[in-house]
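Below is one structure; the comments refer to it alone.
2 protein chains.
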Amino acid sequence: MNGELLGRIGSPADVKALDPAELPQLCADIRSTLVTYGKAHGGHIGSNLGVVELTVALHRVFDSPRDRIVFDVSHQSYVHKMLTGRAQAYLDPDRYDEVTGFTNPEESEHDQFVLGHTGTSISLACGLAKTRDMMGDLNGGSGIGNVIAVIGDGSLSSAIAFEGLNNAAEQGGNLIIIVNDNEMSIAEDFGGMYGPLARLRESGGTAEPNLFHAFGLDYRYVEDGNNVAALVEVLEQVKDIDHPIVLHVHTLKGLGLDAEDAAAGLVEGRCEANHWQDPLSAADRLPGARKYYGEMAMRALEERFATEPGLVVISPATPGSNGITRAFRERAGAHYVDTGIAEEHAVAFASGIAKAGGRPALATSATFFQRTYDQLQQELALNRTPATLLVFGAGISDADNTHSGAFDIAMMSNIPNLVCLAPTSGEEFLRMLAWSTSAENHDPVVIRVPGDMILDGEREGHYPAFRADECPESFTFIGQRSDLPTPPAPDCPWNRYRISHLGSEVALIGLGDAYRIAEQVAAELTWDPKNPIDATLIDPRRYDALDYRTLDAIAAGHRIVVTIEDGQLDGGWGEKITAYYASLPSLSRDRQTHYRATITPQHVLNFGADKEFTDRVPMERLHDRYDLAPGRIVDRIRTALASGR
Amino acid sequence: MNGELLGRIGSPADVKALDPAELPQLCADIRSTLVTYGKAHGGHIGSNLGVVELTVALHRVFDSPRDRIVFDVSHQSYVHKMLTGRAQAYLDPDRYDEVTGFTNPEESEHDQFVLGHTGTSISLACGLAKTRDMMGDLNGGSGIGNVIAVIGDGSLSSAIAFEGLNNAAEQGGNLIIIVNDNEMSIAEDFGGMYGPLARLRESGGTAEPNLFHAFGLDYRYVEDGNNVAALVEVLEQVKDIDHPIVLHVHTLKGLGLDAEDAAAGLVEGRCEANHWQDPLSAADRLPGARKYYGEMAMRALEERFATEPGLVVISPATPGSNGITRAFRERAGAHYVDTGIAEEHAVAFASGIAKAGGRPALATSATFFQRTYDQLQQELALNRTPATLLVFGAGISDADNTHSGAFDIAMMSNIPNLVCLAPTSGEEFLRMLAWSTSAENHDPVVIRVPGDMILDGEREGHYPAFRADECPESFTFIGQRSDLPTPPAPDCPWNRYRISHLGSEVALIGLGDAYRIAEQVAAELTWDPKNPIDATLIDPRRYDALDYRTLDAIAAGHRIVVTIEDGQLDGGWGEKITAYYASLPSLSRDRQTHYRATITPQHVLNFGADKEFTDRVPMERLHDRYDLAPGRIVDRIRTALASGR
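Those protein sequences? They're chains A and B, same order as listed.
Plus 1 on top of the position in the first sequence (first one is 1) and you've got this note's numbering.
Plus 1 on top of the position in the second sequence (first one is 1) and you've got this note's numbering.
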């Protein structure tokens, strides 16, 4: 029966207590539980189906938490969770949300780290092993036994994974690196190492060149990575080993799914669809903003491929979620490059393309751009090469704490020379993309791809209500312009804020997706019949530099200036506006030719996210916590108006 | 005669025009020029002496700038500069400062990129080659011929270098990756790959495992990497090759130096001293802040090694410049780990050590912490592991644009959960280090190691004038405290600002090294006999979170609050104080229990660096440009006081 044996597993000790003959039954139980769970809840089902036997064997042979297992990225840790006291979270649909999709020490002592970005497991494991060896050895006082890293073949292409491999052999001591080779990254593996890796599989682990040998590591191959008895035997042999070893295990992603499962949206085997199972994907549902705007961007670029040979789309292994469909990739040919999970290479590669006269557009998630900060700063910004970075999944969200989109504004917009744009409609997004990938542009450009708030607005027919060509670009609000010299930021067509509506008393500036919040605040401010406020509404569009002229102009006509952004306030965009106004009256003479006593607003209020990690917190609660609900913003504006000064 | 033949080389065409028999003489000329230059000017002389023949051969065989040469890190590009129209900058002492120490497209069309961080050359070269191939081929319309990356064996250990190797074979097409193997990183090479690499050298390139083969790359070995005729021959054979190849060239760092040069501070061969030649190092000069405080920290940690087995110092290949001396390393044994140039591994490794109960302290430059941003955020901050990061070389400086220390505050202090501390004396630095590496601390801690402004003060006997134990820690300035809830930032002993002097009207808050500027401003404010100002002086010490209580307290007693920081204003520390005051009157009720109309200062002024890259600009000019000279700050304060509001 589905889950019967699994339901009796309360801890790894129960796995050890089973008769060897029961292990295949436990695996079957886990597999059917995963399939049921996948159909109803979704998740990284494919990778977990591939490591059922490996995980059972690990907990059969090793003694967690004394022996430490570090799962790379940890999206393949569902089976591990089932075997370490959390089976009910997969068996009981009412409890599906009790566990996260990644390892989490707050859930269990069997989980070492919160992980969601690839490639770090070997380095983390080296650290655990180092402390063990400093405090004794396998049997010493550290309380740490074997240290095991489990890393997929796709993750192996990440920068830090190589650094980890290179450090492991030199460190020495007990360390077991299990390479879970299912012949897939998120999409296909990409890289020169995968040919030799395939020949290793074909030769039963005997062929040279052997990448792991080249890093000075001991190596062993296990062909039948979905045979629990075989795995138990090998793991028993490497247990307590006195030096680092790579155990190369050949598994099948999505093993056990059948045609019926396929109908429910679960796909067996080595294919891209296997990576992430979404039970709603088969439903007649409109695509979310990521795919919608991603496909829109790809269509626009594709039209130009025939006449612009240097136009290249780059994806570090995550095409599907950003609307870079398989069909597009096939049509694009050499105009599309999947670098594997290698964001650093992707950005430096883009800089090289741009330097030589090409026009690259690199698409990935806000959270994954973190992985290449130094290339953003050095290879792109310092060298001022005209690459376009499409930032997907940016903004406050109910995502896992490993994948937050709340940090990209603070991270990217403080790097000199990076032009950062936040379109508020699909049309404007395409205009920005067309410019950034054209010969007109000479600088690296970040485009924060619109999110669901904008898309919802467009679907409601709300947009494009505020088209740039209807707006007073060169508008000067009141009196003279500031002659404050333009800062050294690069030039672009979106240097000036767009004033969508001209009111008085309160000026609302809403960046990107938060522009929709500003609109709602503007509407609500009119609601109080005794004291309706006709607020000015501004769409800044560019967030790496300020439009000083518009800021000067509105200062005189408005008592309160409000900034709203969809990201962390600390180090973000709104604080720069506050600081600008605060510094105005005293700028020294050769830094301004300002009239002496510039009028500044009485209050500048910044709205955005707190500086914190959030883990799957519903959006409504976040907006409440951050005072981002329009009603809260209205309250604070009215409080400030009442406070005077 | 020294430099005679070199002096006749105006461009690569002149190298091609020489008789083959003259090439060794040209090499000798270059070598003696480098030695003379090194004695007088200093620089990366060792690596350049190693690539004299390689660089001459490259310009003999290839056709730069049509053929593109990308030098990794580019500190070995002096010879290239000599052969591409810039020989006089090395021959004529009056012109030594005409060129930078790195490649720079603004200097010459023969330079591809501004580079100073390791490992990116292969990825950049892939980008150049990609555009070439998209626009035709070697003989097509792109104007780009052969693409050549020159990378050292030490750089090969960096994350992105592996990503580049892995992508190169898959990309295909002409690409020549020259591995300049001088058997050294900055200090010794570190990593499991260097054993197999040594066996490759010993076997004349025939041994397996071959790392480059494992990445699917063609490979060729050249033992005599300092024989120009041999190199010319091999390069002619690989020129116009139709697929990527690794040319593994064995060279000798510092070749040609002798005992006399050693007396002048130039050291031959494969040793750490060879990496950076400083003509002043032999002089009777006091060490700078990096080495001074670095050695101080290492001494303090070393005393604890015998009783604290989990205490580990980590350096990603840059020990010497941060006071981690060879003698210390030898005594430290397993308490010291050099990870190679592998900052990502270093941070994740530190997180693992801390997770297991050890206490790691990781030391590197502010600019190199950029290379591991994602690990700072995910592995350290999200996981709240108590590692200590010692940030050396932070702050505005006259350094190259590739090595600026002006960006670390904006980069690190906006990451949740990272406790960021800026000590203003050596004594306080040691107290912070003792706490952060103790069992008391449960969070990752950044310590911005004091710079030369602090050290100069200490040497003048100026410090420790403001010792923490003399200061009113729990001081409440005026009236009631704010009951604003503490933000979710981690706790630490430096949550409260230290009020060094209590005055009125103007409050000066100077962070870290900038505290010394604040002191000078305080002094100058008293100078005007008609209107002397007795300013309050505050040492904040912690910069990832604000001390709201002190900020509230000083607001009522001071018309102007001034923040001064040694780094970029945008996204930095001072703007947070401005934004805090700006938001005060209107915080919604459940986000404060503040008294209704909090008094805020009339003006908050932020002083710090503009958002820009600066390249070897003298400090005085930078302080002038940024209004950071004490006199300028005084002017702006008096202007603001006069402006009223």
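Don't be surprised by glycine CBs; every beta carbon is placed ideally from N, CA and C.
Range covered by the beta strand (DSSP E) that runs through residue i
| i | result |
| --- | --- |
| G153 (chain A) | V148 to G153 |
| Y337 (chain B) | Y337 to D339 |
| E566 (chain A) | H559 to Q569 |
| L538 (chain B) | T537 to D540 |
| V447 (chain B) | V446 to R449 |
| V648 (chain B) | Residue 648 (chain B) is absent from the model: chain B starts at 2 and stops at 646. |
| S501 (chain A) | R499 to H502 |
| L702 (chain A) | Since the displayed chain A opens at 2 and closes at 646, residue 702 (chain A) lies outside it and no answer follows. |
Spatial distance of residue i from residue j (CA atoms)
| i | j | result |
| --- | --- | --- |
| Q569 (chain A) | L391 (chain A) | 19 angstroms |
| M413 (chain A) | A367 (chain A) | 10 angstroms |
| R202 (chain A) | E189 (chain A) | 17 angstroms |
| D545 (chain A) | D567 (chain A) | 15 angstroms |
| L236 (chain A) | H45 (chain A) | 25 angstroms |
| G427 (chain B) | N105 (chain A) | 39 angstroms |
| R360 (chain A) | A169 (chain A) | 39 angstroms |
| G572 (chain A) | L232 (chain B) | 51 angstroms |
| H111 (chain A) | H336 (chain B) | 28 angstroms |
| L129 (chain A) | F72 (chain B) | 37 angstroms |
Secondary structure of residue i, DSSP reduced to three states
| i | result |
| --- | --- |
| L84 (chain B) | helix |
| A508 (chain B) | strand |
| S316 (chain A) | strand |
| S75 (chain A) | coil |
| P288 (chain A) | coil |
| N402 (chain A) | helix |
| D591 (chain A) | Caution is warranted here: a pLDDT of 45 is assigned to D591 (chain A), below 50, making its placement in the model unreliable, and the coordinate value is therefore given only provisionally. It is helical. |
| R327 (chain B) | helix |
| N181 (chain A) | strand |
| G609 (chain B) | strand |
| E108 (chain B) | coil |
| L258 (chain A) | coil |
| R96 (chain A) | helix |
| E273 (chain A) | helix |
| V52 (chain A) | coil |
| H346 (chain A) | helix |
Extent of the continuous alpha helix (DSSP H) to which residue i belongs
| i | result |
| --- | --- |
| F114 (chain B) | Looking at the DSSP string, F114 (chain B) is not in any alpha helix (DSSP H), and its letter there is neither H nor E. |
| T386 (chain B) | Unbroken run through T386 (chain B): none, as it is neither H nor E. |
| Y38 (chain B) | L24 to A41 |
| I518 (chain A) | A515 to L526 |
| C127 (chain B) | S122 to M135 |
| Y195 (chain A) | Y195 to E203 |
In DSSP terms, what residue i is bridged to
| i | result |
| --- | --- |
| P245 (chain B) | B:L176 |
| I70 (chain B) | B:I149 |
| S366 (chain A) | A:F393 |
| E234 (chain A) | For E234 (chain A), which the question treats as bridged, DSSP gives no partner whatsoever. |
| P361 (chain B) | B:V313 |
| R543 (chain A) | A:L422 |
| G44 (chain A) | A:Q278 |
| E189 (chain A) | A:M185 |
Interface residues of chain D facing residue i [CB-CB closer than 9 angstroms]
| i | result |
| --- | --- |
| S78 (chain B) | No chain D is part of this structure, whose protein chains are labelled A and B. |
Quick check: the stretch 49–60 of chain A against the stretch 178–195 of chain A, are at least 3 beta-carbon pairs closer than 8 angstroms?
With the cut-off at 8 angstroms, the stretch 178–195 of chain A and the stretch 49–60 of chain A touch.
Contact the stretch 269–281 of chain A vs the stretch 237–257 of chain A: 3+ CB pairs below 8 angstroms:
yes
Taking 8 angstroms as the threshold, find out whether the stretch 150–167 of chain B comes into contact with the stretch 343–354 of chain A through three or more Cβ pairs.
yes
Under 8 angstroms: do the stretch 493–500 of chain B and the stretch 516–526 of chain B share three or more Cβ pairs, one atom per stretch?
no
Taking 8 angstroms as the threshold, find out whether the stretch 24–35 of chain B comes into contact with the stretch 240–250 of chain B through three or more Cβ pairs.
no
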